[in-house]
Amino acid sequence: MKIALISLGNFRCHAVHLLHTLLERDGFDVRSFLFKAAPFRATPYEVDLLVRLVSEHEPELIGISLISTFYKLACTVTGKLRERCNATIAWGGIHPTIRPEDCLKHADVVCVGEGEGAMVELARALRANPKADALPIKNLWFSTGDGMIKNEIRPLLQDLDSLPIPNHLSPDKVFIDANRMLDFHSRADLVETYDTMTSRGCPFGCDYCANDFLRRLYRDKGSYIRRRSVAHVMGELRLARDRYPNLQEIAFSDDVFTFDDTWLEEFCERYKREIRLPLLCYAHPNMVRDSTMKLLKDGGLKYVIMGIQSGSSRIREEFFGRRSSEQKILNAASILRKYRFRVAYDFISENPYETDDDRRETVKLITKLPRPFQLHLFSLGMFPGTKLTERALREGAIRLEDVECMSEKGYELFGGSLHLGREDKLLVWDVLYFLAKRGVPARTLLVLSRTKFFVQHIRTVTKMLRYLPLDYYGFLTYSVHNRLNFFIFRVFGYARMLRRGSWRFCFRKIKQRIMKQEDTHL
Ligand code: B12
Ligand code: SF4
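Residue 333 in the numbering used here sits at position 353 of the sequence shown, with consecutive numbering throughout.
Here it is as structure tokens:
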């Protein structure tokens, strides 16, 4: 039986790569369609290309994986697929998990929660009887025309080692982006970053995040936080190192990587012996301890992304449900600095509950963080089902149209700094945060925040700053001065690489630039 899997807005979608391997192992003829590398809007041509390529495979079952931002895109794609294919269409991922009723208006089947067991059972049932519907498969909801069958949730998968290791570049995977089908299969040499996860679940439950919803969904369904064994992770990383000859780093996308010292100790001990590539991971201020970070430094950790989200304790505690005091944040930052990690701090802007005083607190906190660091400024996405969204709807701070899936703000969530597409009011604070990061004293910035002239001429100030080759200003603008800055920034980057002695890497990078090869990031 032929199956098509579609990942929307994410080339690297762990779920699709995993489901692909599991279904293939069960004897199905599977093809995955990885639609666009990142959450950028699809062109009509790209959508038509996707639909054409999927229908040419003639699948009997189509699985689509989506986050809330791609809900409307999923509706469009599903509608067009129905015109060309006679297949059962199943949706899965975080959005269908949170909003199954809405999704079932478009899909025939919706997967609520984990999909490994459910998708394989569905495929087997359809193989046995192509007309089967309304099946008693746990985690799946079925549309019956006049109603819905809502099967119960199965226990959480506890043994993550039982999952296979996907081959991201297998020839059965079709990549679509930039208005064309990209051929990556034969280009393992382009892959420099390998991205994987060692765990599922997060020890925290921030009010704007899906984890709190998932924890409630899986109450009494087994331990929420699970981790693969070190041996299983090492097996995957060895395979990645052998598969990709030019691999430069390993990125762990775990919600939070720095938990469980016993696991980390065993991991670091083996990692530095067997892999020894620079590592990237996410950390939480409450889980950055000196001993843990020392261990990780020794193990090969180079880059750390830590969420701070706001400098205002009012916003952090009352609205984000993040119980990290300023002292704790600064302490974590000084530990990261002590071990000379390359750090990025995540902050959230565009929050309807934030006042200018809260933003001033953020300015102050940014100036206190040990430099250098990257500042990731994201706009607050009101994702369905989170405590914050429910509260904001109840209190009238947002309308239903502002909830992600209707609003599609996720396409703009990647907050490159000094983005001229932002409203003036937001730009003022973006600029102040940017200057705080570059070391301008807090007192000057607080005065500027109250200076009419600065506020009124914020666009001119932003344009001037963007001409300075101080930073890479964002992903979404390609104006001439931005390109010039980017060029100068890159030249500095290459010079730094040469100074560090990474001359081979540097020359390869330059060669890739000149030959305009695509960068692949798996
Ligand atoms: C890893 C991750 C990332 C990585 C992705 C790397 C990669 N290689 O995919 C990075 C850091 C790049 C990232 C970026 C973003 N992320 Co993210 N990310 C996650 C995270 C931590 C894990 C997702 C994951 O891969 N899990 C492992 C896989 C195997 O599990 P799964 O996705 O849950 O899928 C299971 C089921 O849902 C189901 N399933 C999934 N698809 C399908 C399809 C079918 C047909 C079936 C039957 C079943 C099924 O089966 C799977 C296996 O059990 C989640 C948080 C979380 N705890 O879920 C957030 C999360 C998905 N991200 C989120 C967001 C908002 C983003 C960004 C928009 C953030 C930003 N500001 O830029 C971007 C958008 C990226 C994109 N284009 O999709 C939100 C989405 C919220 C929502 N309601 O949509 C989440 C839930 C976190 C949160 N804040 O709540 N993310
Ligand atoms: S720490 Fe990160 S992943 Fe965990 S609940 Fe908070 S926002 Fe979500």
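Glycine included, every Cβ here is placed at the ideal spot set by N, Cα and C.
To the nearest whole angstrom, what separates the beta carbons of residue i and residue j, a pair I think is in contact under 8 Å?
i: P364; j: I78; result: 5 Å
i: V100; j: L(-15); result: With 8 Å as the limit, V100 and L(-15) do not qualify as a contact, their Cβ atoms being about 12 Å apart.
i: E330; j: S359; result: 4 Å
i: Y283; j: R256; result: Not a contact, Cβ separation roughly 15 Å.
i: I74; j: A190; result: 5 Å
i: F300; j: S290; result: 7 Å
i: R206; j: S233; result: R206 to S233, Cβ: 15 Å. No contact.
i: A263; j: K344; result: At roughly 22 Å, the Cβ-Cβ gap does not stay under 8 Å, so A263 and K344 are not in contact.
i: E172; j: L227; result: 6 Å
i: Y319; j: M273; result: 5 Å
Can you find the residues in the same chain that come closer than 7 Å, C-beta to C-beta, to residue i, ignoring five residues on each side of it along the sequence?
i: I129; result: A114, W121 and F122
i: F8; result: M(-19), I(-17) and A103
i: E216; result: I145 and T176
i: N159; result: T23, Y25 and E26
i: H(-3); result: P146 and H148
i: R21; result: Y391
i: V383; result: M362, P364 and T369
i: E388; result: T49 and K52
i: K118; result: A98, N131, E132, I133 and R134
i: I378; result: P332, M362 and A372
i: W243; result: R207 and V210
Considering residue i, what are the terminal residues of the beta strand (DSSP E) in which it resides?
i: I145; result: Counting along the chain, I145 falls outside any beta strand (DSSP E), and DSSP gives it neither H nor E.
i: F15; result: D9 to F15
i: I230; result: E229 to F232
i: E506; result: Any answer about residue 506 is impossible in this case: the structure gives the chain only from -19 up to 502.
i: V154; result: K153 to D157
i: I69; result: T68 to G72
i: I42; result: L41 to S45
i: L355; result: Q354 to S359
i: F122; result: L120 to S123
How far does the alpha helix (DSSP H) with residue i in it reach, from first residue to last?
i: K52; result: Y51 to R64
i: K201; result: It is not in any alpha helix (DSSP H) - K201 carries neither H nor E in the DSSP assignment.
i: Q307; result: E306 to K318
i: G279; result: D270 to G279
i: C83; result: P80 to C83
i: R322; result: From DSSP, R322 is part of no alpha helix (DSSP H) but of the beta strand (DSSP E) over R322 to S329.
i: R160; result: Run containing R160: none in the alpha helix (DSSP H); it sits in the beta strand (DSSP E), R160 to L162.
i: I346; result: D336 to K348
i: M128; result: Not the alpha helix (DSSP H): M128 falls in the beta strand (DSSP E), residues M128 to K130.
i: D139; result: Note, D139: premise wrong, no alpha helix (DSSP H); not H, not E.
i: D28; result: P24 to H37
i: Y262; result: Per DSSP, Y262 belongs to no alpha helix (DSSP H); it is in the beta strand (DSSP E), L259 to A263.
i: S429; result: A422 to S429
i: F239; result: Neither: F239 is in no alpha helix (DSSP H) and is coded neither H nor E.
i: L194; result: A190 to L197
i: V210; result: V210 to R223
i: G97; result: E96 to A108
i: K(-18); result: No alpha helix (DSSP H) holds K(-18); the beta strand (DSSP E) holding it covers K(-18) to L(-12).
Could you name the residues of the same chain whose beta carbon sits closer than 6 Å to that of residue i, not counting the 5 residues immediately before and after it, in chain order?
i: D326; result: G287 and H356
i: T457; result: Bear in mind that a pLDDT of 48 at T457, under 50, signals an unreliable position, so the number given afterwards is only what the model happens to contain. Hits under 6 Å: none found.
i: K491; result: none
i: L136; result: Y198, K201 and G202
i: H0; result: L(-15), V10 and S12
i: D338; result: S292 and I295
Report the residue from the options whose alpha carbon sits nearest the alpha carbon of residue i.
i: S12; options: A22, R21, V31 and T23; result: V31
i: K308; options: S45, H165 and M267; result: M267
i: P39; options: L53, A17 and T68; result: T68
i: I47; options: A(-5), R62, S35 and L(-1); result: A(-5)
i: L149; options: Y224, D200 and L41; result: Y224
i: N109; options: L41, D278 and L61; result: L41
i: F50; options: H86, G59 and L(-12); result: L(-12)
i: L407; options: S429, T347 and Y333; result: S429
i: P350; options: A312, M214 and I295; result: A312
i: G43; options: K16, H37, W71 and K60; result: W71
i: E254; options: C55, A87 and V213; result: V213
i: L400; options: H437, A324 and R374; result: H437
i: L33; options: D241, F155 and T242; result: F155
i: R196; options: F485, G181 and E297; result: G181
i: A17; options: D152, D157 and V441; result: D157
i: V427; options: L14, F237 and R340; result: R340
i: D222; options: P265, G185 and D169; result: D169
i: L143; options: D163, R107, L162 and R208; result: R208
i: E94; options: V411, L140, W243 and G185; result: L140
With a threshold of 8 Å on Cβ separation, who are the neighbours of residue i within its own chain once the five nearest residues in sequence on each side are excluded?
i: D278; result: C248 and K252
Checklist line | Shell residues, 6 Å Cβ cut-off relative to heavy atoms of the ligand SF4 | finding: Selection around the ligand SF4 by beta-carbon proximity, strictly under 6 Å to any non-hydrogen atom, yields C182, F184, G185, C186, C189, N191, D235, V236, H264 and G287 in chain order.
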